[in-house]
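At the far end of the sequence shown sits residue 385, using the UniProt record's numbering, and the numbering has no gaps. Each residue gets a CB set at the ideal place from its N, CA and C atoms; glycine is no exception. As the structure is a prediction and not an experimental result, all values here were calculated from the model.
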Amino acid sequence: MNRKFAAMKPNSRRSIGWFEPSATGLRIAVCLLLCVLLVACGSRPLPPSQVEQAEKLEKVLLDGGYRPARRFEIETGREVWHHDGRDLDVSITVPTAPGRYPLIVYLPALGEDAGGGRLWREFWAKAGYAVFCMQPVAIGQALRELNRPRGGPRPGTANDMGPPDDEDGEAAGMFGGWFGGGPDPEDGTQPDDEDDSDRPEDKRRPSKAARSSELRYLGHEYFAAEHLPGRVADLAWAYQQLRTRAGLGQRLYAAADVDKLVLAGYDLGAQTVSAVLGENFGVELPGRQELRPVAGILLSPSVDLATGNVRSRFQPISSPLLAVTGSEDDDSYAIGAAGARLSVWEHARPGGKYLLVLTEASHQLLAGAGIGFGRGQRGGSGGGP
């Protein structure tokens, strides 16, 4: 554009109608035109809202995309297991038709319970997979403190009512339950648009800035490599429990073909899966050898560039792998940026590696909490910040 204007001769100006522009007037017009063009080039349409994303996702699932040969009716069970002093929230979703189905073990995000990833889990089960989900209760409740009113009951105490019961055994919290945002389904307001002025001072929620700061602190704490051994040990123990129950023919668990194992994870769960697949975090992972997945699925892979050695970290991953991210896949922990999440696919050992990048898809969209997203009920479980 600049070269074109520079190539114009002084006598090439032409009158527009009756107006003969002066040199000063032409310079002003050119400046105004450049300003308009810069504004047009510098701005872009706003990304689709969560409701619009949900509608598009529903249309894809119903009208296109992957179509399994058969859609099964499914059934879900929910339990709490106990391992090494920790409570593990688990769920299993399987086709109701008799048979043994390949097993997908799904690990949800920080702040999500075993009801997380409902969209993905149910879709996989309807396509003919047994889907097991496991989350330590402490990790599932890790973000509830952020939304607790000052002076209110702490999570897990006698005065904490917690999320309401769900007859289907699914999480009360929905997509974006913490910092995913989204309008209130009743009045369309955002979570931080609420007026606290009529609440007692000691009951007001922490400010958005305070919650964001605390979220970053908690995110860096839970994503630290020293916490991986405990999570991998819990996963390995839960998998062995699942094998035992399947071998005993227990209801729901008997449908799982435990020798055909696929590991899938989102957010913090994706970090755990990546560690099991071989990502080098520089720590020993007891129980990792007991898990022999035939493939892995990473939804919003966790990649902290600040730790360095990106190439050498991912090279040991040799299993078939699907990495899924979005162009707007930035988390609220200030750990991983959208572009950095491609590193897993770029540096993992070649062979059987696939990358799916969804245009304008946010971090929250990959939570897979179900159609009709919204921000969830107050006090509900998280949804991946």
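Handout entry: Stretch-stretch touch, CB-based, cutoff 8 angstroms, three pairs: the stretch 213 to 224 with the stretch 332 to 350
Key = yes
Handout entry: Through-space distance from Arg-313 to Thr-307, alpha-carbon basis
Key = Position 307 of the sequence shown, counted from the start, is the residue given in the question as residue 307. Position 313 of the sequence shown, counted from the start, is the residue given in the question as residue 313. Going by the C-alpha atoms only, they are around 10 angstroms apart.
Problem - Alpha carbon of Leu-37 to alpha carbon of Pro-47, nearest angstrom - result: Translated into positions along the sequence shown, residue 37 becomes position 37. Translated into positions along the sequence shown, residue 47 becomes position 47. A caution first: Leu-37 carries a pLDDT of 49, below 50, which makes its placement in the model unreliable, though a value can still be read off. Roughly 21 angstroms separates the two Cα atoms.
Practice task
Would you identify the three-state DSSP class for Phe-314, choosing helix, strand or coil?
Solution key: The residue given as residue 314 occupies position 314 in the sequence shown. In the structure shown, Phe-314 sits in a helix (DSSP, three-state: H, G or I).
Handout entry: The alpha helix (DSSP H) enclosing Ser-213, as first and last residue numbers
Key = On the sequence shown, position 213 is the one that residue 213 refers to. Unbroken alpha helix (DSSP H) run through Ser-213: 208 to 222.
Practice task
Go ahead and label Glu-284 buried or exposed: buried means 16 or more other beta carbons lie within 10 angstroms of its beta carbon, across all protein chains shown.
Solution key: Taking the sequence shown and counting its residues from 1, the one referred to as residue 284 is at position 284. Exposed.
Practice task
Compare the Cα-Cα distances from Lys-260 to each of Val-60, His-347, Val-276, Val-294 and report the closest residue.
Solution key: In the sequence shown, counting from the first residue as 1, residue 260 sits at position 260. Lys-260 has its Cα closest to that of Val-294, out of Val-60, His-347, Val-276, Val-294.
Handout entry: For Asp-257, the residue or residues it bridges with in DSSP
Key = Here residue 257 refers to the residue found at position 257 of the sequence shown. Partner(s): Pro-102.
Exercise for the section: Work out the CA separation of Asp-330 and Trp-124 for me, nearest whole Å. Expected result: In the sequence shown, residue 124 corresponds to position 124, counting from 1. In the sequence shown, residue 330 corresponds to position 330, counting from 1. The alpha-carbon atoms of Trp-124 and Asp-330 are separated by roughly 26 angstroms.
Exercise for the section: Using the Cα positions of Asp-304 and Pro-95, report the straight-line distance between them to the nearest angstrom. Expected result: What you label residue 304 is simply residue 304 of the sequence shown in a count that begins at 1. What you label residue 95 is simply residue 95 of the sequence shown in a count that begins at 1. If you take the alpha carbons of Asp-304 and Pro-95, they lie about 38 angstroms apart.
Practice task
Determine which residues share a DSSP beta bridge with Gln-135 and list them.
Solution key: Sequence index remark: in the sequence shown, residue 135 carries index 135 (1-based). DSSP, once it has assigned bridges, lists Asp-89 as partnering Gln-135.
Exercise for the section: Under 6 angstroms Cβ to Cβ from Pro-301, same chain only, skipping five residues before and after it: list those, please. Expected result: Residue numbering aside, residue 301 sits at position 301 when the sequence shown is read from its first letter. Around Pro-301: Ala-270, Ala-323, Arg-341, Val-344.
Practice task
Would you decide whether Pro-108 is buried or exposed? Buried here means 16 or more other CB atoms lie within 10 Å of its CB.
Solution key: Locating residue 108 in the sequence shown gives position 108, where the first residue counts as 1. Pro-108 comes out buried.
Practice task
Please name the residue or residues paired with His-227 in a DSSP beta bridge.
Solution key: By one-based count along the sequence shown, residue 227 stands at place 227. His-227 pairs with nothing; no bridge assigned.
Problem - Beta-carbon spacing of Pro-136, Asp-257 below 7 angstroms - result: Here residue 136 refers to the residue found at position 136 of the sequence shown. Here residue 257 refers to the residue found at position 257 of the sequence shown. No, the Cβ-Cβ distance between Pro-136 and Asp-257 is not below 7 angstroms.
Practice task
Inspect the beta-carbon positions of Tyr-129 and Pro-98 and report whether they are closer than 7 angstroms.
Solution key: As a working mapping, residue 129 is identified with position 129 in the sequence shown. As a working mapping, residue 98 is identified with position 98 in the sequence shown. The answer is no: Cβ separation not under 7 angstroms.
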